[in-house]
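In full-length UniProt numbering, the protein residues as written are 1 to 279. By construction, the Cβ of each residue, glycine as well, lies at the ideal position given by its N, Cα and C atoms. Here's the structure, in structure tokens; my notes come after.
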């Protein structure tokens with residue numbers, strides 16, 4: 001099977017089929033160098049060794065070169081970096097960036113300086129070439145290759161940050177007008193503030209109704225309790241007076257019994273005296 005590529009608009013190419021380009025559909029196979037697999041494995045091994053350097057932080061070499069690391073004292077001060085997610089080992093740059101952020105915040109807390117907000121830009125290492133006035137010092141130019149790479153990477157990051165900032169400003173100037181802000185504010189009020197205010201007012205009305213019902217029930221119960229209290233006080237007073245009256249009656253009964261006993265004795269003595277006289 002073969003593909004013939006030609007231009008249908010070119011009428012001159014139709015009678016000349018022998019000049020058409022024939023593409024073979026068979027897969028293209030490249031004979032690799034026998035040491036290619038060993039070379040790839042050596043690269044992977046070097047990458048793994050670089051990740052395990054630096055106390056097991058698994059930071060990307062480019063990130064270690066651009067973003068400054070925290071001191072050892074900051075690592076002893078907090079253990080937030082130890083709880084940083086590793087994303088299953090599939091995102092070493094994100095994991096190391098998270099650890100660097102936690103360490104910088106811990107270092108700021110240790111020094112007593114307020115930690116920068118998360119949304120601020122990364123603090124990059126100083127440009128080594130810019131510090132030297134844009135010139136490369138030393139006779140051995142090859143030793144300055146890492147500094148040049150760091151300078152280029154830092155400049156690219158700063159350029160990209162500035163480009164994004166300008167793009168955001170242009171988009172904001174073009175689309176985010178005052179009318180859009182007002183419309184968005186009104187939309188927020190109609191979708192969130194007004195329904196929540198109405199729901200809050202409804203809940204307040206329900207709570208006020210429940211409190212009013214409870215107050216009425218408590219007032220009725222209070223009046224009933226006050227009446228029962230007065231009735232109880234009256235009954236207690238009557239009980240006390242009845243007790244005193246019963247005590248007085250018991251005393252009078254005792255007096256009557258004593259007086260009745262004395263009269264019987266005197267009458268008996270008089271009868272005995274009269275009988276003795278008659279005899």
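Check for me: the alpha helix (DSSP H) holding residue i runs from which residue to which?
i, result
"residue 186", "178 to 188"
"residue 168", "145 to 175"
Quick check: what's the CA-CA separation for residue i versus residue j?
i, j, result
"residue 261", "residue 230", "46 angstroms"
"residue 152", "residue 43", "24 angstroms"
"residue 216", "residue 191", "38 angstroms"
"residue 170", "residue 159", "16 angstroms"
"residue 146", "residue 46", "18 angstroms"
"residue 100", "residue 189", "40 angstroms"
"residue 225", "residue 242", "25 angstroms"
"residue 197", "residue 209", "18 angstroms"
"residue 89", "residue 186", "45 angstroms"
"residue 149", "residue 193", "53 angstroms"
"residue 251", "residue 236", "23 angstroms"
"residue 165", "residue 104", "24 angstroms"
"residue 40", "residue 34", "11 angstroms"
"residue 207", "residue 199", "12 angstroms"
Beta-carbon within less than 8 angstroms of residue i's beta-carbon, same chain only, minus the 5 sequence neighbours each way: which residues are those?
i, result
"residue 121", "Here residue 121 scores only 47 on pLDDT, less than 50, and its place in the model is too uncertain to base an answer on."
Who are the Cβ neighbours of residue i in its own chain at under 7 angstroms, not counting the five residues just before and after it?
i, result
"residue 184", "none"
Taking 8 angstroms as the threshold (beta carbon to beta carbon), is residue i in contact with chain C?
i, result
"residue 95", "This model lacks chain C altogether; it includes just one protein chain."
Using a Cβ-Cβ cutoff of less than 6 angstroms, which residues in the same chain neighbour residue i once the five nearest sequence positions on both sides are dropped?
i, result
"residue 54", "Caution applies to residue 54, whose pLDDT of 46 falls short of 50 and renders its modelled position unreliable; the value that the coordinates give is listed next. Answer for residue 54: no residue qualifies."
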